[in-house]
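In this note's numbering, the protein residues as written are 13 to 263.
Quick notes on the structure that follows.
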């Protein structure tokens, strides 16, 4: 017989409460795998994985409605877990930089050394890119983007980032499977990418020139390339080529 856990057992091992699990069930987030003749709720291994995903998304700041949308849109459990893992690694890197920043501040403060502003605030926000954005696209682009980013809640920010993580991972899987960039499957991924860019303050509809320029930057700039090549060497170039095809045929 396959392993299963009662609601009390699952609550204990997940360090939550039966009331919380019942609430998740009532919302359709975590339905029990079966209900016994005694009316008790029981959960199988698939339920454990689903609860882990819910708890991960909660820790990342998403509200229950947003979590419901994520779960509904991700039928592939392994792909979903890879997405969560990437988000956790991103958060781990940010926290690690904050820890280093605080350690440096503490050490220099105790030693009476001069503090450097970039050391004090490393890992706390995205403003480190301000000068580069202004140089590339102008001050209006920075101001607009900064207002847009700061207007979002933490949950919205994480959901926005997760959308791109999903897209990058799908590009990587398509490249690994040898799917041509002009196929309907890949072009559907590019469409999601294009739509995602459209949610950002680009100053109007995303043009072919703008989209192609981003594709070239994904390859030319190692910081962008690694976001794609971590899903397999050559993925950044694959993305660029897929974008070129999309821009040529649809924009």
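Where is the CB? At the ideal position from N, CA and C, for every residue including glycine.
What you are looking at is a predicted structure, and each value in this text was computed from that prediction instead of being measured.
DSSP three-state assignment for residue i, whether helix, strand or coil
i, result
"residue 52", "coil"
"residue 27", "coil"
"residue 129", "Interpretation of residue 129 is limited by its pLDDT of 48, a score under 50 that renders its predicted location unreliable; no figure is taken from the coordinates."
"residue 32", "helix"
"residue 18", "strand"
"residue 145", "Model confidence at residue 145 stands at a pLDDT of 48, short of 50, so the residue's coordinates are unreliable and nothing is read from them."
"residue 140", "The predicted model places residue 140 with a pLDDT of 47, which falls under 50 and marks its position as unreliable, so this point remains unresolved."
Segment limits, alpha helix (DSSP H) that includes residue i
i, result
"residue 78", "76-85"
"residue 242", "That residue, residue 242, is in no alpha helix (DSSP H); it is neither H nor E in DSSP."
"residue 59", "57-71"
"residue 257", "247-262"
Spatially closest choice to residue i from the options, by CA coordinates
i, options, result
"residue 209", "175, 196, 185", "175"
"residue 95", "195, 181, 57, 60", "181"
"residue 61", "43, 77, 189", "43"
"residue 254", "179, 233, 211", "179"
"residue 218", "238, 55, 263, 98", "263"
"residue 260", "199, 237, 236", "199"
Integer Cβ distance of residue i from residue j, believed to fall under 8 Å
i, j, result
"residue 5", "residue 250", "The shown model of the chain, from 13 to 263, leaves out residue 5, and the question about it has no answer."
"residue 240", "residue 247", "4 Å"
"residue 227", "residue 256", "6 Å"
"residue 77", "residue 160", "Not confirmed; about 22 Å, so no contact."
"residue 30", "residue 45", "No, residue 30 and residue 45 are not in contact; Cβ-Cβ is about 16 Å, not under 8 Å."
heavy atom of the ligand MG below 7 Å from residue i C-beta
i, result
"residue 177", "Among the components of this structure there are no ligands whatsoever, and the ligand MG is therefore not found."
Quiz item: In chain order, which continuous runs of the beta strand (DSSP E) of length 3 or greater are located wholly inside the stretch 182-227?
Solution: The qualifying runs do not exist here; there are none.
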